[in-house]
Amino acid sequence: MIGFLLIGILRDKSRSLLPMLVVGVGAMLTVFLHCWLTGIMGDSIELSARFATGHLKVMTRPYAAEAEQMPNELAIIGVGQLMDELSQTAPDMQWVARIRFGALLDVPDSLGETRAQGPVTGWALDLLSPGSSEAQRLNLASALTSGHLPQQAGQALITHDFATRFAVMPGHRITLMGNTMNGSLAFANFEVAGTVRFGSSAVDRGGIFIDLRDAQMAFDMRDAAGEVLGFFPKGFYVDATAQAVQQAFEAQHNNDTDEYAPVMMRLSQQAGMADYLAYANTMGSIMVMVFVLAMSVVLWNAGLLGGLRRYREFGLRLALGESKGHIYRTLLAEAVLVGTLGSTVGTAVGLALAFWMQTVGIDLSEMMPNASLMMPSVARAAITPPAYGIGFIPGLLSMVLGNALSGIGIYKRETARLFNELEV
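In short: position in the sequence shown from 1, add 408, done, that's the working numbering.
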């Protein structure tokens, strides 16, 4: 029966071409938009994780309450011991200490007098220890636009946009002015090792990257750090796994009454990321639902027109003794076949477009020069396993639903009037 219906569909283009085109276009758009949204949101989440939130973050309780202000006077003391504890709690994760800070960067002239000043957001991370993966995690090598990575203490990286604005070149000396952990003023001189550009306006506007030990000495934070970040080994955030690690850590510190006791937060609990992750998870369902409804209306109308064209055919089949239920079921079977064929073609085209967009991307940097969110300036699609099947959901559902609605008219035919209708 299926082979018979398939031959009929392929031979009679007038009843299959339009529905197949509608299904194919809908499946293509569903697959492409799914990959597009997955790529943009996934890149944004991972960018935020690498620079700010980690997959898990450990802070002191008062620091966590004011984390957006980077209050290093509330930093973790004894960070080495804490990292040893974390390595025992979750040995599969990578734990790194960081200091984030706001400061004023002073650029001197040839006489040592101030030539320019500008505010910067700073990241202090382990850049010089053998085996450290921090430079790789932030893609510092690929982000270099001039110079080289820090190779010794006292060297720093600054963002390309800041360097261009103040005419700073690799090899120039700069002075970092900030606050120590105890609240006094801190001054530290650095040599610019290189400039970097990440493609995120929130970072590129004004950022500086120095080694963690340099920051600890400059800000009087020996064996202290503002944050300890944890990263999953595969580089992708899994909320269920993060929650298990968080519960294990909290079980060890439930009875800790110290005001500065450490607390652990998942990525989904930080900086509005819970809403962002929920939005990312629901957008796919909303998109599929919209396409199912829109395509069902189109295919319903196409089915009604097809039913009018096939009115005589259905009458003959009823007159020859075929039951209404059997005709209706064959109509639904045709819908499944047409939906499958259209969805297959549409999915293939959508994946091809998504692959191209994943490789090339679209540069959006000119559209968001003052963006405060950490978003990649080059928007790329991402092909994930669900993309291979998501196009079949609106394709099959809309086709079957459209034919099911339009085929109800079969049951309204009166057998006693068939001979008059058919003029037999």
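C-beta: ideal position from N, C-alpha, C; glycine also.
TODO: Run the CB neighbour count on Q654, radius 10 Å, all protein chains shown included, and call it buried at 16 or more, exposed below.
DONE: Here residue 654 corresponds to residue number 246 of the sequence shown, with the count starting at 1. Q654 comes out buried.
- [ ] Helix, strand or coil for S608, going by three-state DSSP, please let me know.
- [x] Counting from one through the sequence shown, the residue named residue 608 turns up at place 200. Of the three classes helix, strand and coil, the one that applies to S608 here is coil, per DSSP.
- [ ] Verify whether the separation of the beta carbon atoms of I566 and V611 is less than 8 angstroms.
- [x] For the purposes of this step, residue 566 is identified with residue 158 of the sequence shown, where counting begins at 1. For the purposes of this step, residue 611 is identified with residue 203 of the sequence shown, where counting begins at 1. Result no, Cβ atoms of I566 and V611 do not sit closer than 8 angstroms.
Open item on the list: Can you find the residues in the same chain that come closer than 7 angstroms, C-beta to C-beta, to P558, ignoring five residues on each side of it along the sequence?
Closed with: Walking along the sequence shown from the start, residue 558 turns up at place 150. Result list for P558: L535, L536, A564, L565, A601 and D619, in chain order.
Task: Segment contact flag, the region 462 to 472 with the region 796 to 811, C-beta cutoff 8 angstroms, min 3 pairs - done: Look at the beta carbons and you see the region 462 to 472 not touching the region 796 to 811: under three pairs across the two are nearer than 8 angstroms.
- [ ] Quick one: give me the first and last residue of the beta strand (DSSP E) that P794 is part of.
- [x] By 1-based counting over the sequence shown, the position of residue 794 is 386. From DSSP, P794 is part of no beta strand (DSSP E); its letter is neither H nor E.
- [ ] Report back the beta-carbon spacing between G799 and V439 to the nearest angstrom; my notes put them in contact at under 8 angstroms.
- [x] The sequence position of residue 799 within the sequence shown is 391, counting from 1. The sequence position of residue 439 within the sequence shown is 31, counting from 1. Confirmed, Cβ separation roughly 4 angstroms.
Task: Proximal residues to A779 (C-beta, below 7 angstroms), its chain only, five neighbours per side dropped - done: For the purposes of this step, residue 779 is taken as the residue at position 371 of the sequence shown. The pLDDT assigned to A779 is 49, lower than 50, so where the model puts this residue is not dependable, and the model offers no usable value.
- [ ] Say whether the region 588 to 600 touches the region 649 to 667, bearing in mind that this needs 3 or more beta-carbon pairs closer than 8 angstroms, one atom from each stretch.
- [x] no
Task: Helix, strand or coil at Q477 according to DSSP, with G and I counted as helix - done: Here residue 477 refers to the residue found at position 69 when the sequence shown is read from its first residue. Correct three-state label for Q477: helix.
Open item on the list: I'd like the ranges of any alpha helix (DSSP H) spanning at least 4 consecutive residues and lying wholly in the region 576 to 664.
Closed with: 609 to 612, 620 to 626 and 647 to 661
Task: Minimum Cβ-Cβ distance from G555 to chain E less than 8 angstroms - done: Structure shown: chain E not included; a single protein chain is present.
Open item on the list: Under 8 angstroms, with one C-beta from each stretch per pair, do the region 517 to 529 and the region 620 to 636 reach the 3-pair mark?
Closed with: no
Open item on the list: I need the straight-line Cα distance from I816 to P794, nearest angstrom please.
Closed with: Locating residue 816 in the sequence shown gives position 408, counting from the first residue. Locating residue 794 in the sequence shown gives position 386, counting from the first residue. Our two residues, I816 and P794, have alpha carbons roughly 34 angstroms apart in a direct line.
- [ ] Could you tell me which residues DSSP pairs with A511 in its beta bridges?
- [x] For this step, residue 511 is matched to residue 103 along the sequence shown. V528, per the DSSP bridge assignment.
TODO: Just the C-alpha distance for N547 and F606, rounded to the nearest angstrom, thanks.
DONE: As a first step, residue 547 is located in the sequence shown; it is residue number 139 there, counting from the start. As a first step, residue 606 is located in the sequence shown; it is residue number 198 there, counting from the start. Cα to Cα, the separation comes out at about 8 angstroms.
Task: Buried versus exposed call for S550 [16 or more other C-beta atoms within 10 Å across all chains shown] - done: Position 142 of the sequence shown, counted from the start, is the residue given in the question as residue 550. By the 10 Å Cβ count, S550 comes out exposed.
Task: 8 angstroms Cβ shell around P401 - same chain, five flanking residues per side excluded - done: It is not possible to answer for residue 401, since the shown part of the chain is limited to 409 through 832.
Open item on the list: When you compare the CB positions of A789 and G447, do they come within less than 8 angstroms of one another, or not?
Closed with: Indexing the sequence shown from 1 puts residue 789 at position 381. Indexing the sequence shown from 1 puts residue 447 at position 39. Yes, these two residues count as a Cβ contact at 8 angstroms.
Open item on the list: Which same chain residues end up closer than 8 angstroms to F627 when comparing Cβ atoms and leaving out the 5 residues on each side of it in sequence?
Closed with: Position 219 of the sequence shown, counting from 1, holds the residue named residue 627. Closer than 8 angstroms at Cβ, skipping near neighbours: N480, I507, F509, G586, N587, T588, M589 and A594.
Open item on the list: Going by DSSP in three states, Q678 sits in which element: helix, strand or coil?
Closed with: For the purposes of this step, residue 678 is taken as residue 270 along the sequence shown, with counting starting at 1. Looking at Q678 - three-state DSSP - the assignment turns out to be coil, as it is neither helix nor strand.
- [ ] Quick one: measure Cβ to Cβ for L740 and A812, integer angstroms, because I've assumed they're closer than 8 angstroms.
- [x] Counting from 1 along the sequence shown, the entry for residue 740 is found at position 332. Counting from 1 along the sequence shown, the entry for residue 812 is found at position 404. About 6 angstroms; that satisfies the 8 angstroms criterion.
Task: Member of M436, A457, G450 and G432 whose CA lies at the smallest distance from the CA of L675 - done: Residue numbering aside, residue 675 sits at position 267 when the sequence shown is read from its first letter. Cα-wise, what sits closest to L675 is A457.
Open item on the list: Between the alpha carbons of V431 and S751, how many angstroms are there, rounded?
Closed with: One-based indexing of the sequence shown puts residue 431 at position 23. One-based indexing of the sequence shown puts residue 751 at position 343. Going by the C-alpha atoms only, they are around 6 angstroms apart.
TODO: Locate the alpha helix (DSSP H) running through V466, then write down its first and last residues.
DONE: Counting from 1 along the sequence shown, the entry for residue 466 is found at position 58. Counting along the chain, V466 falls outside any alpha helix (DSSP H), though it belongs to the beta strand (DSSP E) covering L464 to T468.
Open item on the list: Could you tell me the alpha carbon to alpha carbon distance between R581 and V515, rounded to whole angstroms?
Closed with: The residue given as residue 581 occupies position 173 in the sequence shown. The residue given as residue 515 occupies position 107 in the sequence shown. Our two residues, R581 and V515, have alpha carbons roughly 7 angstroms apart in a direct line.
TODO: Could you tell me which residues DSSP pairs with D683 in its beta bridges?
DONE: The residue given as residue 683 occupies position 275 in the sequence shown. Note: D683 sits in no beta bridge, so no partner.
Task: Length of the line joining the Cα atoms of Y645 and E742 - done: As a first step, residue 645 must be located in the sequence shown, where it is residue number 237. As a first step, residue 742 must be located in the sequence shown, where it is residue number 334. Rounded to the nearest angstrom, the two C-alpha atoms are 43 angstroms apart.
- [ ] Have a look at E474 and I801 and give me their C-alpha separation to the nearest angstrom.
- [x] Within the sequence shown, numbered from 1, the residue matching residue 474 stands at position 66. Within the sequence shown, numbered from 1, the residue matching residue 801 stands at position 393. Using only the alpha carbons, I get a separation of about 45 angstroms.
TODO: Following the continuous beta strand (DSSP E) through A743, name the residue where it begins and the one where it ends.
DONE: The residue you call residue 743 lines up with position 335 of the sequence shown. Segment K732 to T767 is the alpha helix (DSSP H) holding A743; no beta strand (DSSP E) there.
Open item on the list: Tell me the DSSP secondary structure of A779 in three-state form.
Closed with: As a position in the sequence shown, residue 779 is number 371, starting the count at 1. The predicted position of A779 is uncertain, since its pLDDT is 49 and thus under 50; no value can be drawn from it.
Open item on the list: Just to confirm the assignment, what range does the alpha helix (DSSP H) spanning D488 have?
Closed with: On the sequence shown, residue 488 is found 80 positions in, with the first residue counted as 1. Inspection of the sequence shows that residue 488 is occupied by Gly rather than by Asp. Segment V487 to T497, the alpha helix (DSSP H) holding G488.
Open item on the list: Using 8 angstroms as the threshold, is the C-beta distance between G555 and T603 below it?
Closed with: As a working mapping, residue 555 is identified with position 147 in the sequence shown. As a working mapping, residue 603 is identified with position 195 in the sequence shown. Yes, they are a contact pair.
Task: Per-residue DSSP class, three states only, for M501 - done: Position 93 of the sequence shown, counting from 1, holds the residue named residue 501. M501 carries a coil assignment under DSSP once its states are collapsed to helix, strand and coil.
- [ ] Within 10 angstroms of the Cβ of F459, are there 16 or more other Cβ atoms? Answer buried if so, exposed if not.
- [x] The residue you call residue 459 lines up with position 51 of the sequence shown. When all chains shown are included, F459 counts as buried.
Task: Opening and closing residue of the alpha helix (DSSP H) in which L548 lies - done: For the purposes of this step, residue 548 is identified with residue 140 of the sequence shown, where counting begins at 1. Residues L548 to A551.
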